[in-house]
Amino acid sequence: MDARYALAQDLAREAGGLAYGYYRRRHELAVENKGLQDAVSVADKKTEDLIRSRIATRFPDDAFLGEESGASEGLLDGRPIWVVDPIDGTACFLNGMPTWCVSIALVQDGTIELGVIYDPNVDELYAARRGEGTFLNGVRQPVPSAKAFSDGLFGTGFSHRSPTGDFVPFLSGLLEDGGLFLRNGSGALMLAYVAAGRLIGYFEPHINSWDSLAGLLLVREAGGWTSDFLADDGLLRGNLCAASAPDLAPALRALLAKTVPQPARP
Ligand code: IPD
Ligand code: CA
Ligand code: CA
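Quick note: the sequence shown, position 46, residue 127 per the working numbering, numbers continuous.
#1: So is the beta-carbon of Phe284 under 7 Å away from any non-hydrogen atom of ligand 1?
#2: So, with DSSP's three-state summary, where would you put Gln163?
#3: Which partner residues of Val121 appear in the DSSP bridge assignment?
#4: Would you kindly report the start and end of the unbroken beta strand (DSSP E) that includes Leu316?
#5: Do Pro179 and Ala100 count as a contact pair if the criterion is CB distance below 8 Å?
#6: When you measure from the CB of Asp125 to every non-hydrogen atom of ligand 2, does any distance come out below 7 Å?
#7: DSSP three-state call for Gly214: helix, strand or coil?
#8: Between Leu195 and Glu205, how many whole angstroms is the CB-CB distance? I'm expecting something under 8 Å.
#9: According to DSSP, is Pro250 helix, strand or coil?
#10: Please name the residue or residues paired with Arg221 in a DSSP beta bridge.
#11: Are there 16 or more other CB atoms within 10 angstroms of the CB of Ser231, so buried, or fewer, so exposed?
#12: I'd like to check one pair, Ile193 with Val165: are the Cβ atoms closer than 8 Å?
#13: Taking 7 Å as the line, does the beta carbon of Phe239 fall inside it for any heavy atom of ligand 1?
#14: Considering Cα atoms alone, identify which of Asn320, Glu302, Leu157 is closest to Phe310.
#15: Look at the alpha carbon of Met82 and the alpha carbon of Gly268, and state the distance between them as a whole number of angstroms.
#16: Just to confirm, is the Cβ distance from Ile281 to Ser253 under 8 Å?
#17: For Arg211, would you say it is in contact with chain D, using Cβ-to-Cβ distances shorter than 8 Å as the test?
#18: Rounded to whole angstroms, what's the CA-CA distance from Arg160 to Gly147? Just pull it up for me.
#19: Tell me whether the beta-carbon of Ala270 lies closer than 8 Å to the beta-carbon of Gly170.
This is the structure in structure tokens:
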């Protein structure tokens, strides 16, 4: 695991550098639509190819699940699984907004072991290994301190995989409880911000594993609370995603229970 943790960090930086080169030339990229408000370009594909090939060279027996290239053979036979989003925040990336990142997680036996997120726009590398804390550019992150929704900005995400009714009641409740929301277009980056105490929490009714697993480990290892994303086949089907500072978790769970009766499925 030591070698995999080092590789994840090196790879996130290398892939972030490649993606950043494409970002600077984004007007030249051909864009395809995968669905409603779901675009992809050569930048996403080439960045994932780089990550996947480097992992295959170094750990040929490991499994891989990526947003763009899908799952490798033997995904669920007990070997370590790398779960990768080469560019999280593609809509921002393509439209010239610097809120996107590379997200790399490693799962084994139903447990997230490694989580690394790199934001090349500001050269920030977030890294966590289970049991060892969360680090931002090498500095261990303290336990996030928010206690109430009024203590800061709460991150939110929504995609048209979910019905609007799975999101709007939560948003109303958050505002009624004195909260304010941010949606910056990258679920991974907003989870990293929760781990770093910049946002007080995060909620999205349905998100995929490649968007969220690295960020969820970052939050947990910083001492925060997260929902059990991998329950109910979250790895392959996605799941509801919630995370917060530990002392805000009771209020967040109460709001979720009131406004989001059960995990949404696409
Ligand atoms: C999306 C972003 C967005 C979240 C969506 C994701 P993409 O990923 O994380 O913030 O709300 O659910 O699909 O398409 O930018 O890689
Ligand atoms: Ca994503
Ligand atoms: Ca993506």
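Note that the Cβ used here is the ideal one computed from N, Cα and C, for glycine as well.
Put simply:
#1: Along the sequence shown, one-based indexing puts residue 284 at 203. No, the Cβ of Phe284 stays beyond 7 Å of every heavy atom of ligand 1.
#2: Within the sequence shown, numbered from 1, the residue matching residue 163 stands at position 82. Looking at the sequence provided, one finds Trp at residue 163 rather than Gln. Annotated three-state conformation of Trp163 is strand, per DSSP.
#3: Here residue 121 refers to the residue found at position 40 of the sequence shown. Answer is Glu113, bridged to Val121.
#4: Here the question's residue 316 lines up with position 235 in the sequence shown. Here Leu316 belongs to no beta strand (DSSP E); instead the alpha helix (DSSP H) covers 315–318.
#5: In the sequence shown, residue 100 corresponds to position 19, counting from 1. In the sequence shown, residue 179 corresponds to position 98, counting from 1. Not closer than 8 Å, so no.
#6: Working through the sequence shown from its first residue, we reach residue 125 at position 44. No, since every heavy atom of ligand 2 falls outside the 7 Å radius drawn around the Cβ of Asp125.
#7: Residue mapping note: residue 214 aligns to position 133 of the sequence shown, counting from 1. Residue state, collapsed to three classes: coil.
#8: What you label residue 195 is simply residue 114 of the sequence shown in a count that begins at 1. What you label residue 205 is simply residue 124 of the sequence shown in a count that begins at 1. Separation of the CB atoms of Leu195 and Glu205 is rounded to 17 Å, and the pair is thereby denied contact status at 8 Å.
#9: Your numbering for residue 250 matches position 169 in the sequence shown. Note: Pro250 maps to helix in three-state DSSP.
#10: Locating residue 221 in the sequence shown gives position 140, counting from the first residue. DSSP lists Phe216 as partners of Arg221.
#11: Within the sequence shown, numbered from 1, the residue matching residue 231 stands at position 150. Counting C-beta atoms within 10 angstroms of its own C-beta, Ser231 has fewer than 16 neighbours from the protein chains shown and is therefore classed as exposed.
#12: Working through the sequence shown from its first residue, we reach residue 165 at position 84. Working through the sequence shown from its first residue, we reach residue 193 at position 112. No, the Cβ-Cβ distance between Val165 and Ile193 is not below 8 Å.
#13: Residue numbering aside, residue 239 sits at position 158 when the sequence shown is read from its first letter. Distances between the C-beta of Phe239 and the heavy atoms of ligand 1 include at least one below 7 Å.
#14: Residue 310 sits at position 229 when you count from the first residue of the sequence shown. Residue Asn320 holds the alpha-carbon nearest to the alpha-carbon of Phe310 among Asn320, Glu302, Leu157.
#15: As a first step, residue 82 must be located in the sequence shown, where it is residue number 1. As a first step, residue 268 must be located in the sequence shown, where it is residue number 187. So the two alpha carbons sit approximately 26 Å from each other.
#16: On the sequence shown, position 200 is the one that residue 281 refers to. On the sequence shown, position 172 is the one that residue 253 refers to. The beta carbons of Ile281 and Ser253 sit no closer together than 8 Å.
#17: Structure shown: chain D not included; a single protein chain is present.
#18: Numbered from its first residue, the sequence shown carries residue 160 at position 79. Numbered from its first residue, the sequence shown carries residue 147 at position 66. Distance between the alpha carbons of Arg160 and Gly147: 16 Å.
#19: On the sequence shown, residue 270 is found 189 positions in, with the first residue counted as 1. On the sequence shown, residue 170 is found 89 positions in, with the first residue counted as 1. In the sequence under discussion, the amino acid at residue 270 is Leu, which differs from the Ala named in the question. Against a cut-off of 8 Å, the Cβ pair of Gly170 and Leu270 comes out as a contact.
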